[in-house]
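A quick write-up on the structure given underneath.
Numbering (full-length UniProt numbering), first residue to last: 1 to 356.
So, in C-alpha cells, the structure goes:
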C-alpha cells in the first residue's frame, strides 16, 4: 500500500505544471519532478544555482536558506536559464519539510514559470505609454484644429480670402494627422492579406515624395530621390508600400526636426534591386540618430524614441506590412549622424486569377 501511495504522489508531482525540487542545507537537489528534469537536466549531485545558470553562485536572497533558518515559507522572483539557455522568469516558493520530531530535514522548492505574465506586464506598460502618447498627439492636433478654425473665422469676419485659405489649410493638415493615427490603429488591430498587384515601386516612391515635399520644405528639410532604373515591375500591395514609405519618411523628418545641431537636414529615399529579385527601399536621414540604449527596442511593439510625443504605431505598422509580404525591415544608425531604415520586399508572383 505504501509503495502504491508513494508512486501515486510521485505521479501527481510529475503532473504539476511547475518545477518541484527537494533540497538539503547545502542546496543540493535530492529529488525533482519531471518538469524540472525536462527543462534543467538531471540535477542529482548538483546545486540549484548550478542548474539555474547563475554563475555558480548562490542567490543573495535565497528563499531555501531562509526557510532552513526560520522554518517559514518564503518566496522571491528570479530569472534563470534553462538547459537550452532560454531565460525564464520564475516565482519561487520554499516550504519546510520536517521529520516526526519537527526538525527541518529538507526544503521543498516550487517554482512557477511567469515569463508570459512578465511579458504581458511589459506589453500593458507599453500600451499605457502608447495611449498616453496618442492622447498627447491628439491634444496637440485638436489645438491645431482650433487654431485653424480661429483663423478661418477671423478671415470670414475680415473678409480676407488669404486668412480663410491659411486657416483651412491648417484644418486639413490636422485632420490628415488624426486620420493617419486612426488608420494605424485599425491596421494594427487585425490580420489582413496584402492586396498584391504588379506595380512599379519607383512610381509609389514619387507619389510619397510629392506628398511630403512641401511639408519637408516648411521645416527646412530637403527630400531627395535616388531611384534605381532597374527597379521595374514588382508584386507588392501598393497601399502597403505607400504606408511603409509614409511612415519611414515621417520618422526621418521627425528625427531631423529634433536635431538642433545641424544647419542643413536631408531625407533621402533610395530604391535598388536585391538578391533573388527582391525590391529594396531605403529611407535615410541625417537627423539625431538612435542611441545605443534604444537600438535594441526599436522594433518592440509601441516603441517610440519621441517619448510621450510619439505613439510607436508607425514602425509597428511598417513591420507588420513587411511581415505580411514575407519581407523584413532593418536599420543602421549613429547618434548625431542619422539613421537608415532598409525595407526588403521579396520577389513574388501574382496569385492565380489576380490582376485579370
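Using N, Cα and C, we set each Cβ at its ideal position, and we do this for glycine too.
What you are looking at is a predicted structure, and each value in this text was computed from that prediction instead of being measured.
- Residue 125 sits in a helix when the DSSP states are folded into three classes.
- In the DSSP assignment, residue 209 falls within the unbroken alpha helix (DSSP H) covering 201-218.
- Taken in chain order, the whole beta strand (DSSP E) runs of length 3 or more contained in the segment 34-118 are 74-81, 87-98 and 104-113.
- A direct Cα-Cα distance of roughly 33 Å separates residue 343 from residue 144.
- 7 Å or more divides the Cβ of residue 155 from the Cβ of residue 194.
- Looking at the backbone, the Cα of residue 22 and that of residue 31 are separated by about 5 Å.
- Collapsing the DSSP output to three states places residue 324 in a helix.
- Sorting 107, 100 and 88 by C-alpha distance to the C-alpha of residue 117 places 88 at the top.
- Excluding sequence positions up to five before and after residue 268, its CB lies within less than 7 Å of the CB of 224, 226 and 284, all in the same chain and listed in chain order.
- Excluding the 5 residues flanking it on each side, residue 174 has same chain C-beta neighbours closer than 6 Å at 141, 144 and 145, in chain order.
- Taking residue 330 as the centre and dropping the five residues before and after it, the same chain places the C-beta of 342 closer than 7 Å to its C-beta, in chain order.
- Residue nearest to residue 182 within the set 113, 107, 82 and 317 is 317 (criterion: CA-CA distance).
- Going by DSSP, residue 292 is part of the alpha helix (DSSP H) stretching over 292-295.
- Here residue 237 carries a coil assignment [DSSP, helix/strand/coil].
- With fewer than 16 other Cβ atoms inside 10 Å of its own Cβ, residue 97 counts as exposed.
- Taken through DSSP and simplified to helix, strand or coil, residue 195 comes out as coil.
- Look at residue 299 here: in three-state DSSP terms it is coil, with no helix or strand label.
- Secondary structure of residue 337 (DSSP, three-state): coil.
- Contact between residue 233 and residue 198 is confirmed by a C-beta separation of about 5 Å, below the 8 Å threshold.
- According to the DSSP assignment, residue 32 belongs to the beta strand (DSSP E) that extends over 29-32.
- Under the three-state reduction of DSSP output, residue 157 falls in the helix class.
- The beta carbon of residue 95 sits closer than 6 Å to those of 73 and 108, all from its chain and outside the five residues before and after it, given in chain order.
- CA-CA distance, residue 157 to residue 171, rounds to 18 Å.
- If you draw a straight line from the Cα of residue 153 to the Cα of residue 164, it is about 7 Å long.
- The three-state secondary structure of residue 166, taken from DSSP, is helix.
- Residue 347 sits close to residue 276, with the two beta carbons spaced by under 7 Å.
- In this structure, the CA atom of residue 76 is about 14 Å from the CA atom of residue 115.
- Between residue 63 and the set 293, 111 and 7, the nearest pair of CA atoms involves 111.
- With a cutoff of 7 Å on beta-carbon distance, residue 288 and residue 255 are scored as near each other.
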